[in-house]
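> If you're matching them up, the sequences are chains A and B in order. Per our numbering, the very first residue in the first sequence carries number 1; after that it's consecutive. Per our numbering, the very first residue in the second sequence carries number 1001; after that it's consecutive.
Protein chains: 2
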Amino acid sequence: MPRVVKHPDARRNELLDCAQALFFERGFERTTISDIIEKASVSKGGFYHHFSSKEEMLEALAARLAEEAVAKVQDVLQDPGLGALDRLNRFLARARQMKVEDAPKLRATFDIIFRPENYVLYHRLNAAVIAVMVPVLEGIIAQGMQEGVFSVPNARSAAEIVLQLGSSTHDIVASAIEASGTAEAAATADALDERLRFQGIAVDRILGLPDGSIAYPNPGSREP
Amino acid sequence: MPRVVKHPDARRNELLDCAQALFFERGFERTTISDIIEKASVSKGGFYHHFSSKEEMLEALAARLAEEAVAKVQDVLQDPGLGALDRLNRFLARARQMKVEDAPKLRATFDIIFRPENYVLYHRLNAAVIAVMVPVLEGIIAQGMQEGVFSVPNARSAAEIVLQLGSSTHDIVASAIEASGTAEAAATADALDERLRFQGIAVDRILGLPDGSIAYPNPGSREP
């Protein structure tokens, strides 16, 4: 049988496909690099040519999932009939819907980044996802500025600040995950809801919008 | 000569005094635990009773410096004649003045936390300093709400969000430090100034103040 030579990117994507399937099914921790190698039918050398660790795969996976999510909402991002605020709210609603649908898989894969010892990994993943999201949000904000609805000195900085603000919930999300299933679960979930609600208002204000312009999720519906 | 038995907190503070003097003088990296032990005239066991590493000392030192800074501005924090916005601006002006005066020492001690490999340490120090600052800012915001000048749903959450927003400049500060002395120095310093300026406006808006209410430092004058 002739050996099939694949394009390096195709091989890398296949490895990510296999890792994603395993992470979603058994969780990040219970998946080993050997499992991924076996599922992808590559050699150990073939694996390490593309990734140096499972953590690096997780970072690449986070970026790929963010890119896929953006690709799935191109209808909302491109629709010429939408004003900027409507576009932003529809974009957020679709993103939330995807997160809720995939919540168990995403948790199995990404909950580990909220552990104190994984803070560097959290930061790396977060930076990778923000890099994908900045131009998307920048485009919406720039439209909102042209429409005179959003008011910021600079669309790109505004996008960066808003996305960084989102990542500042790390510690309170981490507490909520840690409290899950304990007597403190309800109280920490409430604290997280209150914080996210205010953070939504903070985003309205940063963008120069009236409070409540951006539609927030219902309490308890948000997946960390 | 009778052995002097000191209160554990006094000994801990002495160790921090010695570490601080050495970090300020030679920098964090060029100071060893042996240097600190020698300067403080304690045994190795005595040192490790209080601190498990130089990094843990740095975290304790950051918290102590924040507490000392707050103690030094009690006149501003307690003055019954000051409105909340005046109080906040005077507080920030004094904090900046202290930072500028101590800039070389603070840099020698804390610049290492902006290296990518020290991100966990950055987060720990930041959390320790924010813990000291939250009640201070919360008090000012609560006064501003009573005066009807600040408008937020909750003073404590507002304080937390504003302080977290400050910490989100990590990556751009890190870039500015890395570029220091290179051809990109001016450009990255400008990017940092622009970001900080917008971040100041974001804080105005989060607190429900008109843009420009909080007095920002002049470009280039801010110490990271």
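Virtual Cβ for every residue (Gly too), placed ideally from N, Cα, C.
Specify, as a first and last residue, the run of the alpha helix (DSSP H) that Y48 (chain A) falls within.
Per DSSP, the continuous alpha helix (DSSP H) segment holding Y48 (chain A) begins and ends at K44 to H50.
> Quick check: is the beta carbon of Y48 (chain A) nearer than 8 Å to any beta carbon in chain B?
no
> Let me see if you follow: with CB-CB separation under 8 Å, is I206 (chain A) close to chain B or not?
Interface residue, yes.
> Please say whether I1206 (chain B) and A202 (chain A) have beta carbons closer to each other than 8 Å?
yes
> By the three-class DSSP mapping on this structure, what secondary structure does F28 (chain A) have?
coil
> How would you label Q1199 (chain B), buried or exposed, when you count the other beta carbons within 10 angstroms and need 16 or more for buried?
buried
> For I201 (chain A), go through chain B and note every residue whose CB falls closer than 9 Å to its CB, in chain order.
V1152, P1153 and I1206
> Can you have a look at H7 (chain A) and say buried or exposed, based on whether 16 or more other CB atoms are within 10 angstroms of its CB?
exposed
> In this structure, does DSSP put S1034 (chain B) in helix, strand or coil?
Three-state result, S1034 (chain B): helix.
> I'd like to know if R107 (chain A) contacts chain B, where contact means its C-beta is closer than 8 Å to some C-beta of that chain.
no
> Please list the residues of the region 121-135 of chain A that have a C-beta atom closer than 8 Å to any C-beta atom in chain B, keeping them in chain order.
H123 and A127
> A1145 (chain B) to P1210 (chain B), Cα distance in whole Å?
For the sequence presented, residue 1145 (chain B) should be read as Met rather than Ala. Between M1145 (chain B) and P1210 (chain B), the C-alpha separation is close to 14 Å.
> Assess contact between the region 11-28 of chain A and the region 95-115 of chain A, defined as three or more Cβ pairs (one per stretch) separated by less than 8 Å. Is contact present?
yes
> Can you give, in chain order, each stretch of the alpha helix (DSSP H) that sits fully within the region 1098-1172 of chain B and has at least 4 residues?
Listed in chain order, they are 1103-1110, 1119-1146 and 1155-1167.
> Checking contacts by CB at 8 Å: is R1195 (chain B) closer than that to chain A?
yes
> Label A1040 (chain B) either buried or exposed according to how many other C-beta atoms from any shown protein chain fall within 10 Å of its C-beta, with 16 as the threshold for buried.
buried
> Three or more C-beta pairs closer than 8 Å, one from the region 122-132 of chain A and one from the region 188-196 of chain A: is that the case here?
No, the region 122-132 of chain A is not in contact with the region 188-196 of chain A.
> Beta-carbon within less than 8 Å of V1152 (chain B)'s beta-carbon, same chain only, minus the 5 sequence neighbours each way: which residues are those?
I1141, M1145, A1158, I1206, L1207 and G1208
> Could you work out which residue in A:A179, A:A95, A:K54 and A:D86 is closest to A71 (chain A) when comparing CA atoms only?
Per the C-alpha coordinates, the member of A:A179, A:A95, A:K54 and A:D86 positioned closest to A71 (chain A) is A:A95.
> Are the C-beta of I161 (chain A) and some C-beta of chain B separated by less than 8 Å?
yes
> Counting beta carbon pairs with one atom in the region 43-60 of chain A and one in the region 68-85 of chain A, are three or more of them shorter than 8 Å?
At 8 Å Cβ cutoff, the stretches do not touch.
> Counting contacts by CB-CB distance shorter than 8 Å, is F1198 (chain B) in contact with chain A?
yes
> Find out if the Cβ-Cβ distance for the pair V1120 (chain B), Y48 (chain A) is shorter than 8 Å.
no
> Taking the straight line between their C-alpha atoms, what separation do you get for T1032 (chain B) and K1054 (chain B)?
So the alpha carbons of these two residues sit roughly 8 Å apart.
> Grouping DSSP H, G and I as helix and E and B as strand, with all else coil, what is I1214 (chain B)?
coil
> Under a Cβ-count criterion, where at least 16 other Cβ atoms within 10 Å of its own Cβ denotes burial, should Q164 (chain A) be classed as buried or exposed?
buried
> What does L58 (chain A) reach in chain B if we use C-beta pairs closer than 7 Å?
Within chain B, no residue comes near L58 (chain A); the closest Cβ sits about 16 Å away, beyond 7 Å.
> Can you pull the chain B residues whose beta carbon is under 7 Å from the beta carbon of S213 (chain A), in chain order?
By Cβ distance, chain B contributes nothing, its closest Cβ being about 13 Å from S213 (chain A), past 7 Å.
> With a Cβ-Cβ cutoff of 8 Å, do I177 (chain A) and F114 (chain A) count as a contact?
yes
> Alpha carbon to alpha carbon, how far is F1028 (chain B) from P1116 (chain B)?
16 Å
> Which chain B residues sit within Cβ distance under 8 Å of S168 (chain A)?
Here the neighbours are I1161, Q1164, L1165, S1167 and S1168.
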